[in-house]
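A.B. asks: Chains as they are written, first to last, in this note's numbering: chain A, 23 to 203; chain B, 23 to 203. Okay, handing you the structure first.
There are 2 protein chains.
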Amino acid sequence: MPEIVVLRWGHRPQRDARLTTHVALTARALGASGLVLTDIEAKEIKENIEKVTKDWGGPFFFEMGTPWKKAVRDWKAKGRIVVHLTAYGENIETSDVFQRIKACGKDILIIVGSQKVPKEFFSEDISDFNVAIGNQPHSECASLAVFLDRFFEGKKLTKSFESAKMRIIPQKRGKKIVGNR
Amino acid sequence: MPEIVVLRWGHRPQRDARLTTHVALTARALGASGLVLTDIEAKEIKENIEKVTKDWGGPFFFEMGTPWKKAVRDWKAKGRIVVHLTAYGENIETSDVFQRIKACGKDILIIVGSQKVPKEFFSEDISDFNVAIGNQPHSECASLAVFLDRFFEGKKLTKSFESAKMRIIPQKRGKKIVGNR
């Protein structure tokens, strides 16, 4: 199964703190290997996510501060592909873009923006595919979730996270956790 | 096709403003009919979402201030069902909960929380089903996205929104919008 890493671009301190946290939680819960928050440091978010991974298991990495161009260049240098999630891209449902991505069989860097993204993101230099989870105003968190769920075909929803101190036992009613922080 | 409405509980002004906006955008983009923000007024979010619906089409309603108990009671009084999305619930992948929900063939109120939710949400009085999109710490935005995408089987990603002033024409590269605000 190819590996997926998420690149979060355009995080604005304050305004985006919780959304970036949610993007990272989504990435982890739905099977990505890690998240790169580019161009900026957000120590509190990193600590939050690393705490989640320490308690609930991994592996999942949170990297920050890398310039986005370097992150993309290093990724592509190893022959891996870049998918840019954008409402302007090819519709995952009406086009064959998803099949083309799957057919590559390669590890994927998924770019999710927040504020308006640089035009370059759409170019061949950066993105191999521009993909829309529906061509409507959207949440990057939701788009990422749908892409990961479809890509991994639900398999990651059953995975055992390594070195987890705590684990939820699914219940019809109420809450059941085993283990301790 | 049954209808889905989202109930957003526990919105904290300031802290949750952008997340609630993203939950509403997710609901709209992925095929829900509307969102009820319970127990609280958030005029700015309502205006934002109504502006999106005015520009990009609908129908999609944003209701706020309704006490959550009343919203649930009114919903259930008409024989419709309530699904509570929670990391503690039955796993959508390893259990048959999704098939049981689909088999009901009924309209659904999806409850998504933010802060720690009242214990009552898990009880039969409130939720017909407690569903986990994986039993891991999660984003309510992501859980909602996956549930809607699976429920509507992607069909809503191709839907034409009514009375849209603007429309995106999907592109492999770049942005194309027809229409005007």
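For each residue, glycine too, the CB sits at the ideal point set by N, CA and C.
Helix, strand or coil, according to DSSP, for residue 84 of chain B in the structure here?
C.D. replies: Here residue 84 of chain B refers to the residue found at position 62 when the second sequence is read from its first residue. DSSP places residue 84 of chain B in strand when its eight states are reduced to three.
A.B. asks: Keeping to the same chain, check which residues put their C-beta closer than 7 Å to that of residue 32 of chain B; ignore five residues upstream and five downstream.
C.D. replies: For this step, residue 32 of chain B is matched to residue 10 along the second sequence. Correct list, in chain order: 135, 136, 137 and 139.
A.B. asks: Looking at the C-beta of residue 78 of chain B, does it have a partner C-beta in chain A at a distance below 8 Å?
C.D. replies: Numbered from its first residue, the second sequence carries residue 78 of chain B at position 56. Output row for residue 78 of chain B: interface = yes.
A.B. asks: Where do the N-terminal and C-terminal ends of the alpha helix (DSSP H) with residue 174 of chain B fall, by residue?
C.D. replies: Numbered from 1 along the second sequence, position 152 holds the residue referred to as residue 174 of chain B. Taken as a continuous stretch (DSSP letters only), residue 174 of chain B belongs to no alpha helix (DSSP H), as it is neither H nor E.
A.B. asks: In chain A, what lies closer than 8 Å to residue 187 of chain B by C-beta?
C.D. replies: Translated into positions along the second sequence, residue 187 of chain B becomes position 165. Within chain A, no residue comes near residue 187 of chain B; the closest Cβ sits about 13 Å away, beyond 8 Å.
A.B. asks: Listed in chain order, which residues of the region 103 to 115 of chain B have Cβ atoms closer than 7 Å to some Cβ of chain A?
C.D. replies: 109, 110, 111, 112, 113, 114 and 115
A.B. asks: Residue 48 of chain B CB to nearest chain A CB: under 8 Å?
C.D. replies: Sequence index remark: in the second sequence, residue 48 of chain B carries index 26 (1-based). Closer than 8 Å: yes.
A.B. asks: Could you name each continuous beta strand (DSSP E) segment of 3 residues or more that falls completely within the region 65 to 132 of chain B, going from the start of the chain to the end?
C.D. replies: 83 to 86 and 103 to 113
A.B. asks: Grouping DSSP H, G and I as helix and E and B as strand, with all else coil, what is residue 59 of chain A?
C.D. replies: Here residue 59 of chain A refers to the residue found at position 37 when the first sequence is read from its first residue. If DSSP states are grouped into helix, strand and coil, residue 59 of chain A belongs with the strands.
A.B. asks: Candidates A/86, A/173 and A/112: which alpha carbon is nearest residue 125 of chain A's?
C.D. replies: Mapped onto the first sequence, residue 125 of chain A falls at position 103. Checking every option, the nearest Cα to that of residue 125 of chain A belongs to A/173.
A.B. asks: One question on the structure: do residue 155 of chain A and residue 144 of chain A come within less than 8 Å of each other, judged by their Cβ atoms?
C.D. replies: Working through the first sequence from its first residue, we reach residue 155 of chain A at position 133. Working through the first sequence from its first residue, we reach residue 144 of chain A at position 122. Going by C-beta atoms, residue 155 of chain A is not nearer than 8 Å to residue 144 of chain A.
A.B. asks: Following the continuous beta strand (DSSP E) through residue 30 of chain A, name the residue where it begins and the one where it ends.
C.D. replies: By 1-based counting over the first sequence, the position of residue 30 of chain A is 8. 26 to 30 is the span of the beta strand (DSSP E), which, as asked, contains residue 30 of chain A.
A.B. asks: Is the beta carbon of residue 104 of chain A less than 8 Å from the beta carbon of residue 133 of chain A?
C.D. replies: As a working mapping, residue 104 of chain A is identified with position 82 in the first sequence. As a working mapping, residue 133 of chain A is identified with position 111 in the first sequence. Yes, these two residues count as a Cβ contact at 8 Å.
A.B. asks: Have a look at residue 40 of chain B and residue 160 of chain B and give me their C-alpha separation to the nearest angstrom.
C.D. replies: As a working note, residue 40 of chain B is residue 18 in the second sequence. As a working note, residue 160 of chain B is residue 138 in the second sequence. Their backbone Cα atoms lie some 17 Å apart in a straight line.
A.B. asks: Are three or more beta carbon pairs between the region 82 to 89 of chain B and the region 111 to 127 of chain B nearer than 8 Å?
C.D. replies: no
A.B. asks: Assuming residue 186 of chain B is part of the beta strand (DSSP E), what are its boundary residues?
C.D. replies: For the purposes of this step, residue 186 of chain B is identified with residue 164 of the second sequence, where counting begins at 1. It is not in any beta strand (DSSP E) - residue 186 of chain B carries neither H nor E in the DSSP assignment.
A.B. asks: Ends of the alpha helix (DSSP H) at residue 45 of chain A?
C.D. replies: Taking the first sequence and counting its residues from 1, the one referred to as residue 45 of chain A is at position 23. Per DSSP, residue 45 of chain A belongs to the alpha helix (DSSP H) from 39 to 51.
A.B. asks: Tell me the DSSP secondary structure of residue 54 of chain B in three-state form.
C.D. replies: Here residue 54 of chain B corresponds to residue number 32 of the second sequence, with the count starting at 1. Residue 54 of chain B: coil per DSSP, three-state reduction.
A.B. asks: Start and end of the beta strand (DSSP E) containing residue 153 of chain A?
C.D. replies: Translated into positions along the first sequence, residue 153 of chain A becomes position 131. Residue 153 of chain A -> beta strand (DSSP E) spans 151 to 154.
A.B. asks: Taking all protein chains shown into account, do 16 or more other C-beta atoms lie within 10 angstroms of the C-beta of residue 185 of chain A, making it buried, or fewer, making it exposed?
C.D. replies: Counting from 1 along the first sequence, the entry for residue 185 of chain A is found at position 163. Result: exposed.
A.B. asks: Is the beta carbon of residue 48 of chain A sitting closer than 8 Å to the one on residue 70 of chain A?
C.D. replies: Position 26 of the first sequence, counting from 1, holds the residue named residue 48 of chain A. Position 48 of the first sequence, counting from 1, holds the residue named residue 70 of chain A. No, the pair does not count as a contact, with Cβ atoms beyond the cut-off.
A.B. asks: Whole angstroms are fine: how far does the CA of residue 157 of chain A sit from the CA of residue 121 of chain B?
C.D. replies: As a first step, residue 121 of chain B must be located in the second sequence, where it is residue number 99. As a first step, residue 157 of chain A must be located in the first sequence, where it is residue number 135. Their Cα atoms are separated by approximately 28 Å.
A.B. asks: With 16 other CB atoms within 10 Å as the buried threshold, where does residue 171 of chain A fall?
C.D. replies: Within the first sequence, residue 171 of chain A is the residue found at index 149, counting from 1. It counts as buried.
A.B. asks: Let me see if you follow: with CB-CB separation under 8 Å, is residue 182 of chain B close to chain A or not?
C.D. replies: Locating residue 182 of chain B in the second sequence gives position 160, counting from the first residue. Cβ-Cβ to chain A under 8 Å: no for residue 182 of chain B.
A.B. asks: Got a sec? Which residues, its chain only, sit under 8 Å from residue 201 of chain A by beta carbon, not counting five neighbours each side?
C.D. replies: By 1-based counting over the first sequence, the position of residue 201 of chain A is 179. Closer than 8 Å at the Cβ level, and outside the excluded window around residue 201 of chain A, lie 186, 187, 188 and 189.
A.B. asks: Could you tell me if residue 162 of chain B is buried or exposed, where buried requires 16 or more neighbouring beta carbons within 10 angstroms of its beta carbon?
C.D. replies: The count along the second sequence starts at 1 and reaches residue 162 of chain B at position 140. Around the Cβ of residue 162 of chain B, a 10 Å sphere holds 16 or more other Cβ atoms; the residue is buried.
A.B. asks: Quick one: what does DSSP say residue 200 of chain A is sitting in, helix, strand or coil?
C.D. replies: Stepping through the first sequence from its first residue, residue 200 of chain A is reached at position 178. Note: residue 200 of chain A maps to strand in three-state DSSP.
A.B. asks: Starting from the C-beta of residue 72 of chain B, find all residues in its chain whose C-beta is less than 8 Å away, skip the five residues before and the five after it, and write them out in chain order.
C.D. replies: Position 50 of the second sequence holds residue 72 of chain B. 84, listed in sequence order.
A.B. asks: Taking a Cβ distance cut-off of 8 Å, strictly less, list which residues of the region 51 to 76 of chain B are near chain A, in chain order.
C.D. replies: 51, 52 and 74
A.B. asks: Anything in the region 153 to 175 of chain A with a Cβ closer than 9 Å to a Cβ of chain B? List those residues in chain order, please.
C.D. replies: 154, 155, 156, 157, 158, 159, 160, 161, 162, 163, 164, 165, 166, 167, 168, 170, 171 and 172
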